[in-house]
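> These protein sequence lines are chains A and B, in that order.
Take the working numbering: the last position of the first sequence gets the number 417, and nothing is skipped along the way.
Take the working numbering: the last position of the second sequence gets the number 130, and nothing is skipped along the way.
Before I ask anything, here is the structure I am working with.
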Amino acid sequence: MVERVDVAVIGAGPAGLAAAVAAREQGAERVVIIERAERLGGLLPQCIHNGFGLLYFGEDLTGPEYERMFIRKAERAKVEARLESMALDISPDLEITAVGSRHGYTKIKTGAVVLAMGCREKARGALGIPGGRPAGILTAGTCQRYVNVDGFIPGRRFVILGSGDIGMIMARRLTLEGAKVEAVVEIMPWPGGLIRNEVQCLHDFGIPLLLEHTVTFIHGETRIQGVTVTRVDRERRPIPGTERFIPCDCLLLSAGLIPENELSVKAGVELDPVTGGPLVDENRQTVIPGIFAGGNVVQVHDLVDWVSWEAEVAGRNAARFADRGGIPFREEVRVRAGENIKYVVPQFISGEEEVTLHLRVTRPGLRAALLLGGKLFKRYRSVRPSEMIIEKVDVGRLSQAIGDGELRVDCRLGEEA
Amino acid sequence: MAAETVICIGCPLGCRVSVAVDRRGKVAGMRGARCRQGEKYVLKELREPVRTLTTTLRTADRDFPLLPVRTSRPVLKALMRDIVRETASVVVKPPVKCGQVLVSDVCGSGADLVATTDWSLRAGSRKKER
Ligand code: SF4
């Protein structure tokens, strides 16, 4: 039997919950979240630190508190949840195939889909490192789950490779729990995470941040005994003679996140090679009609509030799509990442409506100017790749900036950092 | 005269502010902050550095061994380690509601340790499935 719903949301984290609530508020009758875990909330329960919800709820919340607010919203909005169910496939006529221990093999025909699978950690960072393959190497997020949910600490002496936010937050957490964090090792000349975390997680506890360094050898046969850390040059090549041995019994990897898009690709959704997420328009529709996407599956955000915001856009428009039997993919204007811009989301816009641009710069610097269509839009005292820039652009400014079906975005630096 | 460095977290610029402190602990001068807000932050950070502490307390439930908690307000930075150490032996029992005080005036900080989730949101959901 094929079940029919108006909007199906894949994933029950901060994106999925927000998308589902927004779809219901937009008037979709049946909204179902398909989630492979046994509960709603995604990874929020393990993110016990605060810093969530300032934009959304105007309060500084922890991950579990943010999760609770959204689960309550979802319950009040009468969103249905299909837990322990893994979406395997989305057909072109929007029939979802899912399997799971609780519901078996199911097919759901839906009026629209929201992809909200989030992202996963790069484990790749470690694969290029010579040395053994001992136990004691894990991602920062896995360690976070062990320490904050399962209740054990996977080592005593840690080295953290990569200075992403989760890595820095775990450095603090592990230190508070009595472990020793020997160093956070970052290959780039600047930290990978937010400045707040650099200060409050590393400086507060005297944990060394080794910029322009990387791990070049893993020591140990059965259990990791330590790592060789080496300074790198401007091209990120290890400099011979700068090696030093740091003993540890655990190496955490915090080398970045990548949007989780296997399902999207299988469904024919085209990805942006830079973001790793689907190409989307301002409604967060992908190139496949009726498939929308929002949150970290589209682009890795700094703040969960923006994950929820973006997923709401997707959810709202998915409901509109289901109601009207379609809304067009707005590809009138292509948004181009120009000088010193790594990417801009959305990649396509209509040019007829106010739009919120999410973008990251390639290089950090001081006295930066953001240009739209070659014209000055805004100045910043400083910009950094790790801090996403988010700007609302009204129709007037858009029409001035768009030329030849293109909106070009550049960021000039007054001074390189 | 001693010099201290504080990194401002007010914006992505992350100014490194060096502060001159005289023998009586008074701030005599400041260099490196690119705005007034930053200067205010640095003064506060020198006088009384406070942080919201988030940690976990143990439970007796095998499926749900830890309960996430936070301090009800920011505590002195120097107290963070003590609070975690002192509360390592606390075992919480259900029911617990989000916001409930579990340890009051923890380590004399003036702040309480409060739950950041409902017990039922974790443990309950697992039991139902059995
Ligand atoms: S001093 Fe001002 S400009 Fe500098 S980091 Fe702080 S808030 Fe930003």
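Note that the Cβ used here is the ideal one computed from N, Cα and C, for glycine as well.
In this text, all values refer to a predicted model and were calculated from it rather than measured experimentally.
Of all the residues that make up the stretch 63-87 of chain B, which are near chain A by a beta-carbon distance shorter than 7 angstroms?
Going along the stretch 63-87 of chain B in chain order, one finds 65, 66, 68, 70, 77, 80, 81 and 84 with a Cβ nearer than 7 angstroms to chain A.
> With 8 angstroms as the threshold, decide whether the Cβ of residue 399 of chain A is near any Cβ in chain B.
For residue 399 of chain A, the answer is no, since every Cβ of chain B falls outside 8 angstroms of its Cβ.
> Considering Cα atoms alone, identify which of A:177, A:162 and A:165 is closest to residue 147 of chain A.
For the residues A:177, A:162 and A:165, the minimum Cα distance to residue 147 of chain A belongs to A:177.
> Quick check: the Cα distance between residue 38 of chain B and residue 74 of chain B, rounded to an integer number of angstroms?
Spanning the two alpha carbons is a distance of roughly 19 angstroms.
> If we count Cβ pairs, one from each stretch, closer than 8 angstroms, do we get three or more for the stretch 148-162 of chain A versus the stretch 55-68 of chain B?
Flag = yes, the stretch 148-162 of chain A and the stretch 55-68 of chain B touch.
> Of all the CB atoms in chain A, is at least one closer than 8 angstroms to the CB of residue 117 of chain B?
Yes, residue 117 of chain B lies at the interface with chain A (some Cβ there is under 8 angstroms from its Cβ).
> With burial defined as no fewer than 16 other Cβ atoms inside 10 Å of the residue's Cβ, what is the status of residue 17 of chain B: buried or exposed?
Buried, by the Cβ-count rule.
> What runs of the beta strand (DSSP E), each 3 residues or longer, lie entirely inside the stretch 306-366 of chain A?
Entirely contained in the stretch 306-366 of chain A, the beta strand (DSSP E) runs reaching 3 residues are, in chain order, 333-337, 341-345 and 355-361.
> Beta carbon of residue 31 of chain B: closer than 7 angstroms to some heavy atom of the ligand SF4?
No, Cβ of residue 31 of chain B sits at least 7 angstroms from all heavy atoms of the ligand SF4.
> Give a yes or no on whether 8 angstroms exceeds the smallest Cβ distance from residue 11 of chain B to chain A.
Closer than 8 angstroms to some Cβ of chain A, the Cβ of residue 11 of chain B qualifies, so yes.
> Give me the Cα-Cα distance between residue 13 of chain B and residue 306 of chain A, rounded to the nearest whole angstrom.
Spanning the two alpha carbons is a distance of roughly 21 angstroms.
> Closest by CA to residue 113 of chain B, which one among B:21, B:84 and B:93?
Closest option to residue 113 of chain B, Cα to Cα, is B:84.
> Considering only the alpha carbon of each residue, which of A:402, A:140 and A:161 lies closest to residue 153 of chain A?
That would be A:140, whose Cα lies nearest to the Cα of residue 153 of chain A.
> Which residues in the same chain as residue 270 of chain A place their Cβ atom closer than 6 angstroms to its Cβ, once the five residues preceding and following it in sequence are excluded?
Here the set comprises 279 and 287.
> Span of the alpha helix (DSSP H) holding residue 16 of chain A?
Residues 14-25.
> Are there 16 or more other CB atoms within 10 angstroms of the CB of residue 4 of chain A, so buried, or fewer, so exposed?
With fewer than 16 other Cβ atoms within 10 Å, it is exposed.
> Residues in the same chain with beta-carbon distance under 8 angstroms from residue 232 of chain A, minus the five sequence neighbours each way, listed in chain order, please.
Counting only Cβ-Cβ distances below 8 angstroms, and skipping sequence neighbours, we find 187, 212, 213, 214, 238 and 239.
> Check whether the Cβ atoms of residue 69 of chain B and residue 46 of chain B lie closer than 8 angstroms to each other.
Cβ atoms of residue 69 of chain B and residue 46 of chain B: not closer than 8 angstroms.
> In chain order, what residues of the same chain lie with their CB nearer than 6 angstroms to the CB of residue 380 of chain A, ignoring the 5 residues before and after it?
368, listed in sequence order.
> Examine the ligand SF4 and report whether any of its heavy atoms sits within less than 7 angstroms of the Cβ of residue 343 of chain A.
Checking the Cβ of residue 343 of chain A against the ligand SF4 gives no.
> Who are the near neighbours of residue 212 of chain B in its chain, counting only those whose CB is closer than 6 angstroms to its CB and skipping five residues on each side?
Shown here, chain B extends from 1 to 130; a query on residue 212 of chain B therefore has no answer.
> So does residue 334 of chain A have its beta carbon nearer than 7 angstroms to some heavy atom of the ligand SF4?
No.
> Would you say the beta carbon of residue 276 of chain A is closer than 7 angstroms to some non-hydrogen atom of the ligand SF4?
Residue 276 of chain A: no, Cβ never under 7 angstroms from the ligand SF4.
> Which residues of chain B have a Cβ atom closer than 8 angstroms to the Cβ of residue 3 of chain A, listed in chain order?
Within chain B, no residue comes near residue 3 of chain A; the closest Cβ sits about 21 angstroms away, beyond 8 angstroms.
> Report yes or no: do the stretch 21-35 of chain A and the stretch 309-325 of chain A share at least 3 C-beta pairs separated by less than 8 angstroms?
Touching, yes, given that three or more Cβ pairs across the two stretches are closer than 8 angstroms.
> What do you get for residue 130 of chain A, buried or exposed, if any count of 16 or more other CB atoms within 10 angstroms of its CB means buried?
Classification of residue 130 of chain A: exposed, given that the 10 Å Cβ count is below 16.
> Please name the residue in A:43, A:173, A:19 and A:109 whose C-alpha comes closest to that of residue 77 of chain A.
Nearest of A:43, A:173, A:19 and A:109 to residue 77 of chain A, Cα basis: A:19.
> Name, going along the chain, the residues of the stretch 148-168 of chain A whose beta-carbon falls closer than 8 angstroms to a beta-carbon of chain B.
Residues passing the 8 angstroms Cβ filter: 148, 149, 150 and 151.
> So, with DSSP's three-state summary, where would you put residue 148 of chain A?
Three-state DSSP puts residue 148 of chain A in a helix.
> Using a C-beta to C-beta distance shorter than 9 angstroms, which residues of chain A count as neighbours of residue 31 of chain B?
Residues of chain A passing the Cβ test: none, with the nearest at roughly 17 angstroms.
> Looking at the structure shown, is residue 243 of chain A part of a helix, part of a strand, or coil, going by DSSP?
Coil.
> Could you tell me the distance, in whole angstroms, from the CA atom of residue 130 of chain B to the CA atom of residue 14 of chain A?
Annotation note: pLDDT 37 at residue 130 of chain B (below 50); position unreliable, coordinate value reported separately. Near 26 angstroms, if we compare the C-alpha coordinates of residue 14 of chain A and residue 130 of chain B.
> In chain order, what are the residues with a CB under 6 angstroms from some non-hydrogen atom of the ligand SF4?
Going along the chain, the residues that qualify are A:381, B:8, B:10, B:11, B:13, B:14, B:15, B:33, B:34, B:35, B:37 and B:38.
> Are the C-beta of residue 24 of chain B and some C-beta of chain A separated by less than 8 angstroms?
No, residue 24 of chain B does not count as interfacial toward chain A.
> Measure the alpha-carbon distance for residue 242 of chain A versus residue 336 of chain A and round it to whole angstroms.
Those two C-alpha atoms are separated by around 41 angstroms.
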